[in-house]
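Right, one structure below, let's go through it.
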Amino acid sequence: MRNLIKIIVALTLSGLFSVATAQETNLDALLEIVRQGKVNETAEYRQREAEFTGAQDRQAGLLAESQASQRAEERRSDQLEAQFQSNDDQLAELEQDFTNELGALKEVLGVLQLVSGDTRSRLEASLTSTQFEGREEFITNLIQKTSSGTQLPSIEEIERLWYEVQREMTEQGRVVTFDRAVKMNDGSEVNVPVTRVGIFNIAMDGKYLKYEQGLVAELDSQPEARYRDSATGLQDATSGFAAFGLDPSRGSILALLIQKPGIEERIEQGGTIGNLIIIVGGIGLLLFLERVIYLSIASGKVKGQIRSETVSENNPLGRVLAVHEANRGADVETLELKIDEAILKEMPPLERFLTMIKLISAIAPLMGLLGTVTGMIETFQAMTLFGTGDPQVMAGGISAALMTTVLGICVALPMLFLHSLVNGMSMKIVHTIEEQSAGIIAVHAEQRGGA
């Protein structure tokens, strides 16, 4: 038992001694690592300190070098400023000498510059530039030269300016035809003869043209036919005088004429009611033509029957005379009744459609008034929604609304005259028939009385 206890104690002491020896070894190693790191850091710090000291010495040298360069540049700047001031003073003296040398010529240059600028603005907008090109470029160069203050225009340039001003005055009173490129409405460009009327208008093949920014182009729409015809007559004329629609405002009046609605546009303004009025008027015109043709034929046949001894039933009078021939033995009263009956039968074909023509002349203005009222209602509704800020829009709406009344009156007035014409033709035939019938009855009564 004692031996066993001794063995356990021996083993325990042996383990403790082993752990203590290992711990001592580890601490010595850690101490050595710390000491070595401190030594390394100290060496690195010394190296950095040495580098910083050397760099400081170099920076001092660079600073001294930079300061020396700055002082040199400052001295150079002072020299340049002095030279600049000297040159500025010298330039002012030269300019004063130049001004003194110019004297009255300076005023001449000012007037020349003013005239050149005014001439250029006139030529740019003048129709003569369509014929004489390149003038604006010359005058622009002349203006630059006179305004530079360092160049003087030559005598030739001044004389050419004088010539251009005089030519512009002369060309204002000329009518000239020449070839010129014209841009058409379809985008194409053609070279055609054009006629320039002074500085007012330019035309081609009976069409007015416009000139804007060096470009001659066809107008989007043309004025009325009478103005276009005058343009055609002017181009065809070779000498003497010719009537021409001249625009003294150089395009403003022509632009207003173009904006004026044509007949087709006026009809479109009438809308549905306007179209109905035109249709009604067309129907009335067809009825009038039918009546004129029928009554003219009937009148001719009646006149032929009066001249003929033979009774023909192809006309109203002949059919009435045929009734007399069929009732020669009848008494006067019976014959008169028979003839009156025959005349009444002939009246409807002669008076057919006359009431319709008269009715059209009465309803056309009423339809126009209806269209005007509805158009005015639409105009006032638009004013209610969008206000009355633009009087032109309101006036345009009222103008469009009144077009139906105009159409109605344009239909009614001719219809009244046409109705009066065909009614007169019809009444003339009826009067002839009645006159001949009265004569027949009178002759028949005399014969019966003599018997």
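Under our numbering, think of the first position of the sequence shown as 1085, with each following residue one higher.
Every residue, glycine too, gets a C-beta built ideally from N, C-alpha and C.
These numbers were taken from a predicted model, which means no experiment stands behind them.
Please go through the same chain and pick out, in chain order, the residues whose beta-carbon is closer than 8 Å to the beta-carbon of residue i, but skip the five residues on each side of it.
i, result
"D1289", "V1276, T1316 and Q1319"
"I1342", "L1303, D1304, S1305, Q1306 and P1307"
"V1259", "T1279, R1280, V1281, G1282 and L1318"
"I1423", "V1404, V1407, H1408, S1521, I1524 and I1525"
"V1274", "A1265, V1266 and M1268"
"Q1107", "A caution first: Q1107 carries a pLDDT of 48, below 50, which makes its placement in the model unreliable, though a value can still be read off. For Q1107, where only same-chain residues beyond five positions count, there are no Cβ hits under 8 Å."
"L1379", "L1434, V1506, M1509, S1510 and I1513"
Rounded C-beta distance between residue i and residue j? I'm assuming under 8 Å.
i, j, result
"F1437", "E1519", "F1437 to E1519, Cβ: 25 Å. No contact."
"L1196", "I1223", "About 11 Å separates the two Cβ atoms, so there is no contact after all."
"M1509", "A1448", "Not confirmed; about 22 Å, so no contact."
"K1291", "R1312", "7 Å"
"L1371", "M1440", "6 Å"
Quick check: what's the CA-CA separation for residue i versus residue j?
i, j, result
"Q1228", "R1334", "30 Å"
"G1455", "I1461", "10 Å"
"A1521", "L1450", "A quick correction: the sequence has Ser, not Ala, at residue 1521. Rounded to the nearest angstrom, the two C-alpha atoms are 42 Å apart."
"F1517", "Q1389", "The question names Phe, yet the displayed sequence has Ile at residue 1517. C-alpha separation (whole angstroms): 11 Å."
"E1537", "L1193", "Missing from the structure shown is residue 1537; the chain here goes from 1085 to 1535 and no further."
"Q1167", "R1159", "12 Å"
"I1524", "L1497", "41 Å"
"A1466", "G1257", "50 Å"
"A1484", "L1491", "11 Å"
"M1431", "R1532", "29 Å"
"V1199", "L1226", "11 Å"
"H1503", "A1410", "36 Å"
"A1134", "Q1151", "26 Å"
"A1426", "R1403", "8 Å"
"T1488", "G1452", "4 Å"
"A1529", "T1418", "11 Å"
"A1321", "G1282", "16 Å"
"E1349", "E1296", "28 Å"
"L1338", "G1481", "23 Å"
"G1413", "V1407", "12 Å"
"S1232", "Q1154", "41 Å"
"L1401", "G1358", "43 Å"
"V1395", "S1383", "16 Å"
"A1265", "L1211", "14 Å"
"S1445", "S1205", "59 Å"
"A1479", "L1443", "33 Å"
"A1209", "R1310", "27 Å"
"Y1129", "E1157", "41 Å"
"I1351", "L1434", "35 Å"
"I1493", "T1463", "22 Å"
"E1240", "K1190", "18 Å"
"T1203", "G1346", "39 Å"
"I1286", "T1230", "34 Å"
"R1142", "S1161", "28 Å"
"L1147", "A1127", "30 Å"
"L1236", "E1243", "14 Å"
"D1331", "L1340", "11 Å"
"E1221", "S1238", "16 Å"
"L1293", "G1459", "36 Å"
"F1136", "Q1169", "48 Å"
"L1428", "V1495", "32 Å"
"H1515", "S1314", "52 Å"
"D1263", "G1201", "29 Å"
"D1270", "P1475", "34 Å"
"I1362", "I1381", "29 Å"
"L1178", "A1144", "51 Å"
Excluding five sequence neighbours on each side, which residues of the same chain lie with their C-beta closer than 7 Å to the C-beta of residue i?
i, result
"N1398", "K1385"
"V1376", "V1506"
"E1165", "none"
"V1416", "I1525, H1528, A1529 and R1532"
"L1469", "none"
"S1336", "none"
For residue i, I'd like the list of residues in its chain whose CB is within less than 6 Å of its CB, leaving aside the five on either flank, ordered along the chain.
i, result
"E1420", "I1525"
"G1298", "none"
"Q1353", "A1484 and M1487"
"M1268", "E1302"
"S1213", "L1207"
Less than 7 Å between the CB of residue i and some heavy atom of the ligand ADP, yes or no?
i, result
"L1226", "Of ligands this structure carries none, so the ligand ADP is not represented either."
*Scan the segment 1404 to 1468 and note each continuous beta strand (DSSP E) run of 3 residues or more that stays entirely inside, going in chain order.*
Fully enclosed beta strand (DSSP E) runs of 3 or longer: not present.
*Should the segment 1324 to 1335 be regarded as contacting the segment 1359 to 1373, the criterion being three or more beta carbon pairs within less than 8 Å?*
Under the 8 Å Cβ criterion, the segment 1324 to 1335 does not count as touching the segment 1359 to 1373, having fewer than three qualifying pairs.
_At 4 residues or longer, what runs of the alpha helix (DSSP H) sit wholly inside the segment 1233 to 1318?_
The segment 1233 to 1318 contains these whole alpha helix (DSSP H) runs: 1239 to 1255.
*Taking only runs that begin and end inside the segment 1314 to 1376, name each unbroken alpha helix (DSSP H) of 4 or more residues, in chain order.*
Listed in chain order, the complete alpha helix (DSSP H) runs (minimum 4 residues) inside the segment 1314 to 1376 are 1336 to 1343.
*Are there three or more Cβ pairs, one per stretch, closer than 8 Å when the segment 1205 to 1218 is compared with the segment 1154 to 1173?*
No contact exists between the segment 1205 to 1218 and the segment 1154 to 1173.
*Give a yes or no on contact between the segment 1252 to 1262 and the segment 1296 to 1307, applying the rule of three or more CB pairs nearer than 8 Å.*
By the C-beta criterion, the segment 1252 to 1262 is judged not to be in contact with the segment 1296 to 1307, since fewer than 3 inter-stretch pairs fall below 8 Å.
*Could you tell me which uninterrupted alpha helix (DSSP H) segments, each at least 4 residues in length, are contained entirely in the segment 1159 to 1236, listed from first to last along the chain?*
1189 to 1209 and 1219 to 1232, all fully within the segment 1159 to 1236.
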